[in-house]
Each structure stands twice: as C-alpha cells, then as structure tokens.
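Notes for the one structure printed next.
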Amino acid sequence: TAVTVIFGFLPASTLAGPIWTEGFENGLPANATNVGTGTVVALTSGAHSGVRRFQFIGDMDSSLTLPVDATGSNDLSLEFFSKFNDGIEGDDIASIMVSAFDDPLQAPIIVPFTNQPTGGWSIMKVDLPAEFSDRQLNISFTADFNSPTGDAWSIDDLVLSGTPVPEPFTLG
Numbered sequence: 017t018a019v020t021v022i023f024g025f026l027p028a029s030t031l032a033g034p035i036w037t038e039g040f041e042n043g044l045p046a047n048a049t050n051v052g053t054g055t056v057v058a059l060t061s062g063a064h065s066g067v068r069r070f071q072f073i074g075d076m077d078s079s080l081t082l083p084v085d086a087t088g089s090n091d092l093s094l095e096f097f098s099k100f101n102d103g104i105e106g107d108d109i110a111s112i113m114v115s116a117f118d119d120p121l122q123a124p125i126i127v128p129f130t131n132q133p134t135g136g137w138s139i140m141k142v143d144l145p146a147e148f149s150d151r152q153l154n155i156s157f158t159a160d161f162n163s164p165t166g167d168a169w170s171i172d173d174l175v176l177s178g179t180p181v182p183e184p185f186t187l188g
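Our numbering numbers the first residue of the sequence shown as 17 and each following residue consecutively.
Shown next, in the form of structure tokens:
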C-alpha cells in the first residue's frame with residue numbers, strides 16, 4: 017500500500033466564501049439599528065428569495081445599520097440584491113456606507129446609487145479596501161426620497177465574503 021502526500025499552497029481566492037449573510041427571513045436582526053421608515057416586509061412575491069426583504073419607502077431620511085464581525089477575514093466584498101420601484105430623481109438619496117466599528121477615525125466607504133434600474137432585482141457588489149479587513153464593521157444603508165409614497169428601495173440576500181487572514185508562520 018502506497019501513500020502519497022502532496023504539500024503545497026492554495027491561493028487565498030480558493031478559500032473565499034461567505035462570512036456573514038442576512039436575508040431578513042427572521043425579521044430585523046436584534047443588533048440592527050433602524051431609523052425612519054424602513055421595515056421588513058413579508059410578501060411572497062416581493063422578496064428576492066424567501067418571503068421577506070427590507071424596504072425603505074417615503075420621504076423621510078431613513079437608515080439601516082447592521083454590525084458585522086469581519087475579524088479573521090480579508091479581501092472583503094459585499095453583495096446584495098437591490099430593487100427600486102421608481103427612479104432615483106434629483107433630490108432622492110440612496111447609498112451604502114461601510115465603516116470600521118472598532119476605529120471611528122478610519123474614513124468610511126460611501127457608495128451612492130444614481131441612475132438605477134427600476135422594477136426588477138439587480139445584484140450589487142461593493143469591494144472593500146484592505147483597510148476594512150480583519151475588523152468589526154458597520155454596514156449602513158441610507159435612503160431619503162422626495163415622494164411620500166411612490167419611491168421605495170428594497171434590499172435582500174446580503175452576503176459579506178472574504179478570505180481567511182493567514183496565520184503567521186513561525187519556526188521553532
């Protein structure tokens with residue numbers, strides 16, 4: 017009986033995978049901060065998957081902040097499904113802000129949404145710079161629309177992916 021042992025290194029990208037997910041199927045997470053008119057909506061036909069999604073609606077400055085533990089991970093990217101039921105007009109605001117919970121002096125990443133498709137779900141991806149690796153994060157979605165009833169933004173199936181931070185190699 018022969019045994020073959022192969023030593024080698026896998027590229028970090030082969031180890032990439034989800035480190036956090038949120039689909040709102042159990043409602044709003046207990047550690048989330050929700051300000052304004054945003055709410056979890058349960059409609060079988062309205063969610064991207066499952067039966068629930070998070071929706072901002074109306075003309076009030078609203079935000080949803082989700083704390084995420086990304087310690088032990090780098091090469092981070094956030095993907096989620098987004099749906100606008102009306103176009104983003106001049107005074108409308110829809111954006112994502114990612115900030116380091118454990119370092120308030122670290123400048124946040126802000127991604128504004130303009131000229132977004134309406135009516136159907138679109139996948140969005142935000143690659144985070146290395147400064148956000150291996151730390152506690154706050155992921156905030158913000159909406160402020162100029163219509164009390166016509167404008168709405170839904171988000172669903174959020175996934176933060178990354179690769180494991182390599183362990184330091186020591187001899188001895």
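Backbone N, C-alpha and C fix where the C-beta goes; we use that ideal spot for every residue, glycine too.
Just so we're clear, the structure is a prediction, and the values are computed from it rather than from any experiment.
Report task. Starting from the Cα of V67, find the closest Cα among F97, L59 and I109 and give me that residue. Result -> When the alpha-carbon of V67 is set against those of F97, L59 and I109, the nearest one is in L59.
Query raised in the report: For S89, which residues of its own chain have a beta-carbon under 6 angstroms away from its beta-carbon, when the five flanking residues on both sides are left out?
Result: Here the set comprises I35 and G178.
**Report entry** Sequence ranges, beta strand (DSSP E) only - wholly within the region 68-149, length at least 3
**Finding:** Counting only runs of 3 or more, we get 68-73, 78-85, 89-100, 109-116, 125-128 and 138-143.
Query raised in the report: Does the separation of the CB atoms of G52 and A159 fall below 9 angstroms?
Result: Yes.
Query raised in the report: Taking the beta strand (DSSP E) that A63 falls in, what are its first and last residues?
Result: Note, A63: premise wrong, no beta strand (DSSP E); not H, not E.
Report task. Could you pull the start and end residues of the beta strand (DSSP E) that E38 belongs to? Result -> Counting along the chain, the beta strand (DSSP E) containing E38 begins and ends at G33 to E38.
Query raised in the report: Can you tell which of L94, N101, N131 and M140 has the C-alpha that lies nearest to the C-alpha of L153?
Result: Nearest option by C-alpha distance: L94.
Query raised in the report: Considering D194, what are the terminal residues of the beta strand (DSSP E) in which it resides?
Result: The structure shown does not extend to residue 194, since the chain spans only 17 to 188, so no value can be given for it.
Query raised in the report: Ordered along the chain, which non-local residues of its own chain (more than five positions away) have a Cβ less than 7 angstroms from that of G33?
Result: Excluding positions up to five away in sequence, the list reads S177.
Query raised in the report: Are the beta-carbon atoms belonging to I112 and V142 less than 9 angstroms from one another?
Result: Yes. Within cutoff.
Requested in this report: Tell me whether A110 is buried or exposed, calling it buried when 16 or more other Cβ atoms sit within 10 Å of its Cβ.
Outcome: Classification of A110: buried, given that the 10 Å Cβ count is 16 or more.
Query raised in the report: Short check: CB of L92 to CB of S149, under 9 angstroms?
Result: Yes, the pair counts as a contact, with Cβ atoms nearer than the cut-off.
Query raised in the report: Expressed to the nearest angstrom, what Euclidean distance is found between the alpha-carbon atoms of D119 and R151?
Result: Near 9 angstroms, if we compare the C-alpha coordinates of R151 and D119.
Query - 6 angstroms Cβ shell around P184 - same chain, five flanking residues per side excluded - result: Closer than 6 angstroms at the Cβ level, and outside the excluded window around P184, lies no residue.
Requested in this report: Determine the extent of the beta strand (DSSP E) in which N50 is found, giving its start and end residues.
Outcome: Annotation for N50: the continuous beta strand (DSSP E) segment containing it runs T49 to V51.
Query raised in the report: Which residues in the same chain as F161 place their Cβ atom closer than 7 angstroms to its Cβ, once the five residues preceding and following it in sequence are excluded?
Result: Excluding residues within five positions, the ones whose Cβ falls inside 7 angstroms are G74, D75, D108 and D167.
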